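Undergrad: Residue numbers (my numbering): 258 to 375. Glycine is no exception: its CB is placed at the ideal position from the N, C-alpha and C atoms. Here the structure is a predicted model, which is why all the values come from computation and not from measurement.
1) Just verifying my parser: in three-state terms, what is the DSSP assignment at residue 265?
2) Taking residue 294 as part of the beta strand (DSSP E), name the residues at either end of that continuous run.
3) Between the region 293–301 and the region 343–361, do at least 3 Cβ pairs fall closer than 8 Å?
4) Does DSSP classify residue 335 as helix, strand or coil?
5) List the residues that DSSP assigns as beta-bridge partners of residue 340.
6) Quick check on this structure: which residue in 284, 262, 264, 293 has the alpha carbon closest to the alpha carbon of residue 335?
7) How about residue 304 and residue 326: do their beta carbons lie closer than 7 Å?
8) Under three-state DSSP, which class holds residue 372?
9) Out of 277, 349, 289, which has the shortest C-alpha to C-alpha gap to residue 322?
10) Since I believe residue 269 is in contact with residue 338 (beta carbons under 8 Å), could you give me their beta-carbon distance rounded to a whole number of angstroms?
11) Do you know whose CA, among 369, 331, 273, 291, lies nearest residue 358's CA?
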């Protein structure tokens with residue numbers, strides 16, 4: 258699914274993309290999952306699907322899952338998580354726009370992974 262935005266006025270929330278460092282332990286020896294940012298924060302906006310697109314998004318109908326639109330990125334390869342409003346989400350799906358122009362945007366499905374505020 259291609260997304261071309263002529264006007265990015267719906268991008269109103271700051272999001273940080275990154276990964277999880279699961280090699281860190283706290284003072285009690287308990288494994289901590291620490292969010293590690295990759296790159297600079299960017300703007301995103303919530304995205305709504307049509308009914309047919311929702312049917313295609315099998316398994317992602319929970320209240321802990323939603324879609325955001327962000328400016329196109331060359332590669333999402335190292336990105337596994339995102340932090341939005343101090344909540345860490347797993348990037349469970351990336352629908353990348355095939356075009357590389359100023360109006361190209363990608364859709365990311367985010368799934369809440371817990372009450373982690375790291």
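TA: By the coordinates alone:
1) Counted from its first residue, the chain shown places residue 265 at position 8. Look at residue 265 here: in three-state DSSP terms it is helix.
2) In the chain shown, counting from the first residue as 1, residue 294 sits at position 37. Following the DSSP letters along the chain, one finds residue 294 inside the beta strand (DSSP E) bounded by residues 288–294.
3) Using a C-beta cut-off of 8 Å, the region 293–301 makes no contact with the region 343–361, since fewer than three inter-stretch Cβ pairs fall below that distance.
4) Reading the chain shown from its first residue, position 78 is the one you call residue 335. In this structure, residue 335 counts as coil in the three-state DSSP scheme.
5) Working through the chain shown from its first residue, we reach residue 340 at position 83. Bridge partners of residue 340: 273, 345.
6) As a working mapping, residue 335 is identified with position 78 in the chain shown. Closest by alpha carbon: 293.
7) Counted from its first residue, the chain shown places residue 304 at position 47. Counted from its first residue, the chain shown places residue 326 at position 69. Less than 7 Å separates the beta-carbon of residue 304 from that of residue 326.
8) Along the chain shown, one-based indexing puts residue 372 at 115. Legend: pLDDT at residue 372 = 46, less than 50; position of this residue unreliable, no value from coordinates given.
9) Within the chain shown, residue 322 is the residue found at index 65, counting from 1. When only C-alpha atoms are compared, the closest one is 349.
10) Counted from its first residue, the chain shown places residue 338 at position 81. Counted from its first residue, the chain shown places residue 269 at position 12. In fact, because the Cβ distance is near 21 Å, the residues do not count as touching under 8 Å.
11) On the chain shown, position 101 is the one that residue 358 refers to. Closest by alpha carbon: 331.
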